[in-house]
Amino acid sequence: MELNFQQLQELLLTLQQTGITTFSLKSNAFELTLEQGQVLVTPSLNPAIVPTVTPAEKPISEPTKETKKGLEVTSMMVGTFYGAPAPGEPPFVQVGDRVRLGQTLCIVEAMKTMNEIEAPASGEISEILVENGQPIEFEQVLMRLRPE
Numbered sequence: 001m002e003l004n005f006q007q008l009q010e011l012l013l014t015l016q017q018t019g020i021t022t023f024s025l026k027s028n029a030f031e032l033t034l035e036q037g038q039v040l041v042t043p044s045l046n047p048a049i050v051p052t053v054t055p056a057e058k059p060i061s062e063p064t065k066e067t068k069k070g071l072e073v074t075s076m077m078v079g080t081f082y083g084a085p086a087p088g089e090p091p092f093v094q095v096g097d098r099v100r101l102g103q104t105l106c107i108v109e110a111m112k113t114m115n116e117i118e119a120p121a122s123g124e125i126s127e128i129l130v131e132n133g134q135p136i137e138f139e140q141v142l143m144r145l146r147p148e
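Mapping the sequence shown onto full-length UniProt numbering, position 78 (from 1) lands on 78, and the numbers just tick up by one.
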């Protein structure tokens, strides 16, 4: 019995699809043993990129710096700033809005993960320094808050 490359590919694909973890084949010409374990990366004949958005496990509290203009809310990651929960929806906050400690102010998307940025204190939004959809940098000031 001989096994060509195409037959070997079909055999591997069948084993993968059926979930068989161990397979052995013996003939006079060869002996083949396949064992499937946990694989970190599995190559695919037809790779497909499917983006997924996963919310962060818990909201990220941003460090703040108090200045004469109020508390600075900064980003602790490089990403994209979103002022609303979804396109076409109203923003989380606007200048002049009163917020409470822990209230969501915006979202920073980093590596397809949405990270909620929370108010570091209760107070009033005095300034929003970035636009919706704008790329942001590490420690960039996103907005200012006048604490109560």
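Where is the CB? At the ideal position from N, CA and C, for every residue including glycine. The structure displayed is predicted, hence computed values, not measured ones.
When DSSP reads this structure, I136 sits in a beta bridge with G79. Check the Cα spacing between E35 and each of A121, G96, G79 and T21: the tightest is with T21. For E10, the secondary structure class from DSSP, reduced to helix, strand or coil, is helix. For V130, no beta strand (DSSP E) run applies, since DSSP gives it neither H nor E. Residues of the same chain with their beta carbon placed closer than 6 Å to that of F30 are lacking, with the five preceding and five following residues left out of the count.
Linking G83 to L32 through their CA atoms gives a straight-line distance of about 58 Å. Bounds of the beta strand (DSSP E) holding S24 are T22 to K26. A Cβ-Cβ contact shorter than 9 Å links T80 with E109. Comparing C-alpha distances from P85 to each of P147, R144, N132 and L3 shows the shortest one belongs to N132. Sixteen is the threshold: since fewer than 16 other Cβ atoms of the shown chains lie within 10 Å of the Cβ of V95, the residue is exposed.
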